[in-house]
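In the working numbering, the protein residues as written are 104 to 376. Note that CB positions come from ideal geometry on N, CA and C, so glycine has one too. Bear in mind that the values here come from a model prediction, so they are computed numbers and not experimental data. To keep things clear, I will list the structure first and then write my remarks on it.
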Ligand SMILES: Nc1ncnc2c1ncn2[C@@H]1O[C@H](COP(=O)(O)OP(=O)(O)OP(=O)(O)O)[C@@H](O)[C@H]1O
Ligand SMILES: [Mg+2]
């Protein structure tokens, strides 16, 4: 579990994060969404410690990460897997060597055990046949999968993905989302994803934090979104006429199923703005 308590971050006069609090639970895909410049990447960097916060706390399983010394932070960092935007693979290394890299840096065990772990992770992302290939020889979607294999090779408790679907077609994006969701559930990982992708929001959003001008504007699940009355969130998610119509149809469907009562009640009871 990751907890943010009133985190604040400014660059000079410019306040980017204006006091954000939320809880990200294990076994769930937690999404951070919001328009360009709303502070998603800054927030992710603050959570993993690539940037310091000005105020507030980041807790990893109730341990105050912000108050830790470098040695203690290193212990938490070794439990973090990260999928970088654009995959950030080493071009001069094969797929297999890329996935081996974190194990060589931080892993324990014999070379044989490490090789077995690499093979296991490549198998999990269905890339066994590509093990000896170089990044230049594989597609964008395959590169993302190598990035995922590399991010999970050390069995992370926390997984961070910055825009995992950028540059991918909708079908490949859905496969990547499915893979991340499965891994999250299988290993009970606390996963945090920054995304612009509305398919991801609707398919994988167990818990969504919508950022607007440095603040948490709305929070809920993909099911809650359909019934949300938050105008800013609606303008952001259902930006086109087509999506607005799709939303109404979905509401109608849920209405017919009787599922709307629970959702409406949840939305009215608050917890969310
Ligand atoms: N190192 C930095 N120094 C100064 N300003 C920064 C720095 N990093 C980010 N910012 C500013 O913080 C704001 C939020 O940026 P951020 O990258 O978090 O947005 P984002 O929500 O991730 O946008 P996008 O969807 O385009 O990736 C922007 O105005 C940006 O210029
Ligand atoms: Mg960003």
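Reduced DSSP category for residue i - H, G, I as helix; E, B as strand; rest coil
i	result
residue 105	strand
residue 374	Note on residue 374: pLDDT 48, under 50, position unreliable in the model; the coordinate value appears next. Of the three classes helix, strand and coil, the one that applies to residue 374 here is coil, per DSSP.
residue 158	strand
residue 171	coil
residue 197	coil
residue 189	coil
residue 244	helix
residue 116	coil
residue 235	coil
residue 151	helix
residue 214	helix
residue 221	helix
residue 206	helix
residue 304	helix
Separation of residue j from residue i, as counted between CA atoms
i	j	result
residue 266	residue 213	34 Å
residue 347	residue 341	5 Å
residue 249	residue 359	43 Å
residue 127	residue 197	34 Å
residue 283	residue 153	23 Å
residue 239	residue 247	13 Å
residue 376	residue 337	Its pLDDT being 47, under 50, residue 376 is placed unreliably in this model, and the value from its coordinates should be taken loosely. Cα to Cα, residue 376 sits roughly 13 Å from residue 337.
residue 156	residue 262	20 Å
residue 52	residue 205	Absent from the model: residue 52. The displayed extent of the chain is 104 to 376, so no value can be given.
residue 374	residue 357	At residue 374 the pLDDT is 48, less than 50, meaning the model places this residue with poor confidence and gives no usable figure here.
residue 178	residue 352	48 Å
residue 292	residue 276	20 Å
residue 115	residue 316	16 Å
residue 354	residue 216	51 Å
residue 109	residue 208	34 Å
residue 307	residue 285	10 Å
residue 310	residue 258	22 Å
residue 165	residue 184	19 Å
From the options, residue whose alpha carbon lies closest to that of residue i
i	options	result
residue 190	148, 225, 167 and 252	252
residue 234	221, 162, 182 and 167	221
residue 227	350, 185, 290 and 344	290
residue 203	141, 218 and 192	218
residue 244	132, 168 and 281	281
residue 120	259, 323, 299 and 140	140
residue 270	300, 256 and 330	300
residue 368	332, 236 and 259	332
residue 142	298, 309 and 223	298
residue 225	200, 210 and 211	200
residue 195	184, 236, 182 and 159	236
residue 305	111, 123 and 136	136
residue 170	144, 150, 232 and 296	150
residue 334	112, 320, 105 and 123	320
Residue i - partner residues in DSSP beta bridges
i	result
residue 111	121 and 158
residue 134	296 and 311
residue 290	Note: residue 290 sits in no beta bridge, so no partner.
residue 127	105
residue 385	In the structure displayed, the chain extends from 104 to 376; residue 385 sits before or after that span and is not available.
residue 183	261
residue 166	163
Any chain C beta carbon closer than 8 Å to residue i
i	result
residue 226	Chain labels in this structure do not include chain C; a single protein chain is all it has.
- Query: Hey, which unbroken runs of the beta strand (DSSP E) at 3 residues or more fall wholly within the stretch 249-287?
  - Reply: 261-265
- Message: My parser needs the alpha helix (DSSP H) runs of 4 or more residues fully inside the stretch 317-375; what are they?
- Response: 325-328, 334-340, 344-360 and 363-372
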